[in-house]
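**Student:**
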Amino acid sequence: MSPHEPLVTAGHGRLARVGVAVSHGFTGSPAAMRPWAEHLAGQGFAVNMPLLPGHGTRWEDLARTTWQEWYLRLEAAYLELSGRCDIVFVAGLSMGGTLALRIAEHHPVAGLALVNPGLSMVDKRGAISGVLKYALTSVPAIGNDLVKPDVDEHAYDRVPVAAVHQLRQLFLDTRRNLPAITAPILLFRSTVDHVVADSSVTTLVEGVSSHRVDLRKLHNSYHVATLDHDAPQILAQSSAFFMEVAGLRPGALGASSPAPESAS
Numbered sequence: 008m009s010p011h012e013p014l015v016t017a018g019h020g021r022l023a024r025v026g027v028a029v030s031h032g033f034t035g036s037p038a039a040m041r042p043w044a045e046h047l048a049g050q051g052f053a054v055n056m057p058l059l060p061g062h063g064t065r066w067e068d069l070a071r072t073t074w075q076e077w078y079l080r081l082e083a084a085y086l087e088l089s090g091r092c093d094i095v096f097v098a099g100l101s102m103g104g105t106l107a108l109r110i111a112e113h114h115p116v117a118g119l120a121l122v123n124p125g126l127s128m129v130d131k132r133g134a135i136s137g138v139l140k141y142a143l144t145s146v147p148a149i150g151n152d153l154v155k156p157d158v159d160e161h162a163y164d165r166v167p168v169a170a171v172h173q174l175r176q177l178f179l180d181t182r183r184n185l186p187a188i189t190a191p192i193l194l195f196r197s198t199v200d201h202v203v204a205d206s207s208v209t210t211l212v213e214g215v216s217s218h219r220v221d222l223r224k225l226h227n228s229y230h231v232a233t234l235d236h237d238a239p240q241i242l243a244q245s246s247a248f249f250m251e252v253a254g255l256r257p258g259a260l261g262a263s264s265p266a267p268e269s270a271s
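For the sequence shown, my numbering assigns the number 8 to the initial residue and increments by one for each residue that follows.
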């Protein structure tokens, strides 16, 4: 199977009616989220993990896409799950976390599980990327920021500046609407991250209207924590979070009891 393949599962047992839309990050692919998505699917959650437009092929393809296309692909995954589940969560890494936040700004998501989500540019050149894209086609890659050796998230080896401009527009749009988010949030943050600055996390925590934002520190992972040493913590704690918010006991995993009632 290609590392870029999307994943869609029906779910089983009591968790079959609990959905999780899963999103990878900028320049990456489902490869970075596959262990997490497969863990959730194995427990019984209904999962939809798409490949975002412009990703998983060549970086030149990413240069021709817009942030709206990325968002609409994840939104379609969320809506597909909403059509067959009683309650739907969204999980995302980096830009995938940004997209998840925007989903929560426009839809009644049950909760969010985010890993090092981005809301601001680290590189100051991002502010002029709309002009810079005409003079500079691409810059060096940002992928594979991991402590763990010999792990590949299958990201592009170049970053198109035109796509950086689109990413900045996504950040601006999402930041403006953060107060609309009321869903509970489980936020994983690496103590060392060479891609996303702490300002993104501060902006998120201070901007949302959620009554619950659980911040969990990851001490042995860099940016792509879903593939790093702390991945087991992300998998276990996100599953427990989803089940708690859905009103299910841990013992419900794989059980054949009736599906949970709607959260509406």
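Virtual Cβ for every residue (Gly too), placed ideally from N, Cα, C. All of these numbers come straight from a predicted model, not from anything done at the bench.
Which residues bound the alpha helix (DSSP H) around Ala169?
**Tutor:** 168-183 is the extent of the alpha helix (DSSP H) around Ala169.
**Student:** Within this structure, are the beta carbons of Pro124 and Gly104 separated by less than 8 Å?
**Tutor:** In this structure, Gly104 lies closer than 8 Å to Pro124 by Cβ.
**Student:** May I have the straight-line CA-CA distance separating His172 from Met128, to the nearest angstrom?
**Tutor:** Approximately 10 Å between the Cα atoms of the pair.
**Student:** For the stretch 83-151, which segments carrying the alpha helix (DSSP H) assignment without a break, of at least 4 residues, lie completely within its bounds, in sequence order?
**Tutor:** As far as the stretch 83-151 is concerned, its whole alpha helix (DSSP H) runs of at least 4 residues are 102-113, 136-139.
**Student:** How would you call Thr273, buried or exposed, if buried means at least 16 neighbouring beta carbons within 10 angstroms?
**Tutor:** Residue 273 lies beyond the residue range present for the chain, which begins at 8 and ends at 271; the question has no answer from this structure.
**Student:** Sorted by chain position, which residues of the same chain lie with C-beta nearer than 8 Å to Ala204's C-beta, five sequence neighbours on each side aside?
**Tutor:** Only Ser127, Val129 meet the Cβ criterion.
**Student:** Given this structure, state the Cα-to-Cα distance separating Glu82 from Ile110, to the nearest angstrom.
**Tutor:** If I take the Cα positions, the gap works out to 7 Å.
**Student:** Could you have a look at Val208 and say whether DSSP puts it in helix, strand or coil?
**Tutor:** Helix, per DSSP.
**Student:** Tell me Val25's beta-bridge partners as DSSP assigns them.
**Tutor:** Paired residues: Ile94.
**Student:** Confirm, please, whether the CB-CB distance from Val122 to Ala148 is below 8 Å.
**Tutor:** Not closer than 8 Å, so no.
**Student:** If I follow the unbroken beta strand (DSSP E) through Pro194, where does it start and stop?
**Tutor:** It should be pointed out that residue 194 corresponds to Leu in this sequence rather than to Pro. Looking at the DSSP string, the run of the beta strand (DSSP E) that includes Leu194 is 192-197.
**Student:** Do you know whose CA, among Trp77, Arg71, Ala84, lies nearest Val15's CA?
**Tutor:** Cα-wise, what sits closest to Val15 is Ala84.
**Student:** In chain order, what residues of the same chain lie with their CB nearer than 8 Å to the CB of Arg65, ignoring the 5 residues before and after it?
**Tutor:** Hits under 8 Å: Tyr163.
**Student:** Per DSSP, Asp221 is paired with what?
**Tutor:** Asp221 pairs with Leu193.
**Student:** Can you tell which of Glu213, Leu225, Leu194, His230 has its C-alpha closest to the C-alpha of His201?
**Tutor:** Closest by alpha carbon: His230.
**Student:** In angstroms with no decimal places, state the Cα-to-Cα distance between Leu177 and Trp74.
**Tutor:** Computed Cα separation, rounded: 6 Å.
**Student:** Can you list, in chain order, the residues of its chain whose CB lies under 7 Å from that of Ala39, leaving out five sequence neighbours each side?
**Tutor:** Same-chain partners within the cutoff: His31, Gly32, Leu100, Glu160, Val231, Thr233, Leu234.
**Student:** What would DSSP say about Leu58, mapped onto helix, strand or coil?
**Tutor:** Three-state result, Leu58: coil.
**Student:** Could you give the first and the last residue of the continuous alpha helix (DSSP H) run that contains Arg41?
**Tutor:** Run containing Arg41: 41-50, per the alpha helix (DSSP H) assignment.
**Student:** Give me the residue from Met8, Ser217, Gly18 with the minimum Cα distance to Glu112.
**Tutor:** Here the closest residue by C-alpha is Ser217.
**Student:** Note down, in chain order, each residue of its chain lying with its Cβ closer than 7 Å to the Cβ of Pro13, except the 5 sequence neighbours on either side.
**Tutor:** Within the same chain, Pro13 has close Cβ partners Pro37, Met56, Pro57, Leu58.
**Student:** Could you check how far apart the C-beta atoms of Gln50 and Leu88 are, in whole angstroms? I think they sit under 8 Å.
**Tutor:** Rounded, the Cβ-Cβ distance is 15 Å, inconsistent with contact.
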